[in-house]
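**Q** Residue numbers (the working numbering): 1 to 350.
For each residue, glycine too, the CB sits at the ideal point set by N, CA and C.
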């Protein structure tokens, strides 16, 4: 399948400190390699502070890369000037985690959704286009007359999705967009994303800390820890046989309703090291109960151990599942319905 996006040895570093303090480097993204095929969904998962949000913003050039290459449909965009990058921005959009913060509270929804059309001088009747976009995401065209604060969290996220769709992009970065939504609303938003992907031939970079959500929407999963990818695989392969110890604990931490309160999720020992003080060797070794001398001295390379399954772990050839798994099998996923009208307790869809 043709690669829409290729990320090669991408780094995003920040220099900290000033004249009176020692300068330090924060390695938010530190040598990431990824490929995303057209019309596919690649999920990037990890704890808070793993660098996944910075990765998404760097790919879109909202944050400038320190090093590496970002190749969009065969063109390296990592060093393009803003003037040359501007026409390419039509092809890549983002939906942020907090829609209320990303939607201008002083503007009506119609103005917000139409803004990309105006900025990029898209021809046609913008009012009609906005109405069609709002209806496509499960809202009514009359929502254009209202302000963001008049809508619930799930409805505001639909508005943000409509804005991202306005330019008919090839790639959308979805940054924790289901965070804070209740289960019913979350399922409907995910179902909507699936429908839109099929209809508009979209590729998604889906950033999340929630593996249970990732399993329902992604074709591939990349697990990120302290600025680097530690495992990447097709979704079902990663869930059936995670090879990296960090991935194992993330999987084992997925809530299991069938456990009925008898399941205590595993807890990682200690805090993740700071990206300012990255430990030598494997970045996970300070928290890994299997760590050996080689783990503390040599950083493992991301290598393929199964078809399309890459892992950065010295012990991955025969990985013991040292974190216990829930006492019941993972329940089947409930059917997803993209219909609007969620959040009835927070206000009706407009």
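Please name the residue in 219, 220, 119, 197 whose C-alpha comes closest to that of residue 170.
**A** On the chain shown, residue 170 is found 170 positions in, with the first residue counted as 1. Ranking 219, 220, 119, 197 by Cα distance to residue 170 puts 197 first.
**Q** Pair every Cβ in the segment 66 to 85 with every Cβ in the segment 7 to 17, then say whether three or more of these pairs are closer than 8 Å.
**A** Output reads yes: the segment 7 to 17 touches the segment 66 to 85.
**Q** Is it true that the CB of residue 51 sits closer than 9 Å to the CB of residue 275?
**A** Mapped onto the chain shown, residue 275 falls at position 275. Mapped onto the chain shown, residue 51 falls at position 51. Yes; because the gap between Cβ atoms is below 9 Å, this pair is in contact.
**Q** On the DSSP letters alone, give me the boundaries of the beta strand (DSSP E) that residue 113 sits inside.
**A** What you label residue 113 is simply residue 113 of the chain shown in a count that begins at 1. Per DSSP, residue 113 belongs to no beta strand (DSSP E); it is in the alpha helix (DSSP H), 109 to 119.
**Q** Can you tell which of 278, 72, 215, 96 has the C-alpha that lies nearest to the C-alpha of residue 90?
**A** Taking the chain shown and counting its residues from 1, the one referred to as residue 90 is at position 90. The option with the nearest alpha carbon to residue 90 is 72.
**Q** Is the number of C-beta pairs between the segment 233 to 248 and the segment 289 to 306 that are closer than 8 Å three or more?
**A** These segments touch.
**Q** Can you give me the C-alpha to C-alpha distance between residue 32 and residue 253, rounded to a whole angstrom?
**A** Mapped onto the chain shown, residue 32 falls at position 32. Mapped onto the chain shown, residue 253 falls at position 253. Their backbone Cα atoms lie some 25 Å apart in a straight line.
**Q** Quick check on residue 157: buried or exposed, where buried means 16 or more other Cβ atoms within 10 Å of its Cβ?
**A** Residue numbering aside, residue 157 sits at position 157 when the chain shown is read from its first letter. Buried, by the Cβ-count rule.
**Q** If you run the structure through DSSP and keep just helix, strand and coil, what is residue 254?
**A** By 1-based counting over the chain shown, the position of residue 254 is 254. Coil, per DSSP.
**Q** Rank 194, 211, 217, 240 by C-alpha distance to the C-alpha of residue 224 and give the top, closest one.
**A** As a position in the chain shown, residue 224 is number 224, starting the count at 1. Of the candidates 194, 211, 217, 240, the one whose C-alpha sits nearest the C-alpha of residue 224 is 211.
**Q** Can you tell me whether residue 280 is buried or exposed, with buried defined as 16 or more other CB within 10 angstroms of its CB?
**A** Residue 280 sits at position 280 when you count from the first residue of the chain shown. Flag for residue 280 reads exposed.
**Q** Which residue marks the beginning of the alpha helix (DSSP H) containing residue 82, and which one marks its end?
**A** The count along the chain shown starts at 1 and reaches residue 82 at position 82. Looking at the DSSP string, the run of the alpha helix (DSSP H) that includes residue 82 is 82 to 85.
**Q** With 16 as the cutoff for other CB atoms within 10 Å, does residue 148 come out buried or exposed?
**A** Locating residue 148 in the chain shown gives position 148, where the first residue counts as 1. Buried: at least 16 other Cβ atoms inside 10 Å.
**Q** According to the Cβ coordinates, are residue 143 and residue 109 closer than 9 Å?
**A** Position 143 of the chain shown, counting from 1, holds the residue named residue 143. Position 109 of the chain shown, counting from 1, holds the residue named residue 109. Yes, the pair counts as a contact, with Cβ atoms nearer than the cut-off.
**Q** According to DSSP, residue 12 sits in a beta bridge with which residue or residues?
**A** Working through the chain shown from its first residue, we reach residue 12 at position 12. The partner list for residue 12 (beta bridge, DSSP) reads 29.
**Q** With which residues is residue 204 paired in a DSSP beta bridge?
**A** Along the chain shown, read from residue 1 onward, the residue named residue 204 stands at position 204. Its beta-bridge partners are 41, 172.
**Q** Measuring only the C-alpha atoms, how far is residue 49 from residue 124?
**A** Taking the chain shown and counting its residues from 1, the one referred to as residue 49 is at position 49. Taking the chain shown and counting its residues from 1, the one referred to as residue 124 is at position 124. One C-alpha to the other measures close to 43 Å.
**Q** Spell out whether any CB of chain B is found under 9 Å from the CB atom of residue 201.
**A** Protein chains in the displayed structure number just one, and chain B is not present.
**Q** In three-state DSSP terms, what is residue 131?
**A** If you number the chain shown from 1, residue 131 lands on position 131. In this structure, residue 131 counts as helix in the three-state DSSP scheme.
**Q** In angstroms with no decimal places, state the Cα-to-Cα distance between residue 316 and residue 301.
**A** Here residue 316 is taken as the residue at index 316 of the chain shown, counted from 1. Here residue 301 is taken as the residue at index 301 of the chain shown, counted from 1. Between residue 316 and residue 301, the C-alpha separation is close to 11 Å.
**Q** Within 10 Å of its beta-carbon, does residue 57 have 16 or more other beta-carbons around it, so buried, or fewer, so exposed?
**A** Taking the first residue of the chain shown as 1, we reach residue 57 at position 57. Classification of residue 57: buried, given that the 10 Å Cβ count is 16 or more.
**Q** Whole-angstrom Cβ separation of residue 218 and residue 55, contact assumed at under 8 Å?
**A** Position 218 of the chain shown, counted from the first residue, corresponds to residue 218. Position 55 of the chain shown, counted from the first residue, corresponds to residue 55. So it is not a contact: roughly 15 Å between Cβ atoms.
**Q** CB-CB under 8 Å to residue 85, same chain, minus the five flanking residues each way: which ones, in chain order?
**A** To locate residue 85, count along the chain shown from 1; it is residue 85. If we look at residue 85 and ignore the five residues flanking it on each side, its Cβ neighbours are 61, 77.
**Q** Just how far apart, CA to CA, sit residue 139 and residue 159?
**A** On the chain shown, residue 139 is found 139 positions in, with the first residue counted as 1. On the chain shown, residue 159 is found 159 positions in, with the first residue counted as 1. When rounded, the distance between both Cα atoms is 8 Å.
**Q** I need the boundaries of the alpha helix (DSSP H) containing residue 299, first residue and last residue.
**A** Against the chain shown, residue 299 aligns to sequence position 299. First-last for residue 299: undefined, no H or E at that position.
**Q** Can you give the Cα-Cα distance for residue 15 and residue 28, rounded to whole angstroms?
**A** Indexing the chain shown from 1 puts residue 15 at position 15. Indexing the chain shown from 1 puts residue 28 at position 28. Straight-line Cα distance between these residues: approximately 11 Å.
**Q** Considering only DSSP beta bridges, list what residue 24 is partnered with.
**A** Here residue 24 refers to the residue found at position 24 of the chain shown. Answer is 16, bridged to residue 24.
**Q** Evaluate the contact criterion for the segment 167 to 182 versus the segment 202 to 216: three or more CB pairs, one atom per stretch, below 8 Å.
**A** With a cut-off of 8 Å, the segment 202 to 216 and the segment 167 to 182 count as touching, because enough Cβ pairs lie within range.
**Q** Bridge partners for residue 225 per DSSP, in chain order?
**A** Within the chain shown, residue 225 is the residue found at index 225, counting from 1. DSSP output for residue 225 lists 228 as bridge partner(s).
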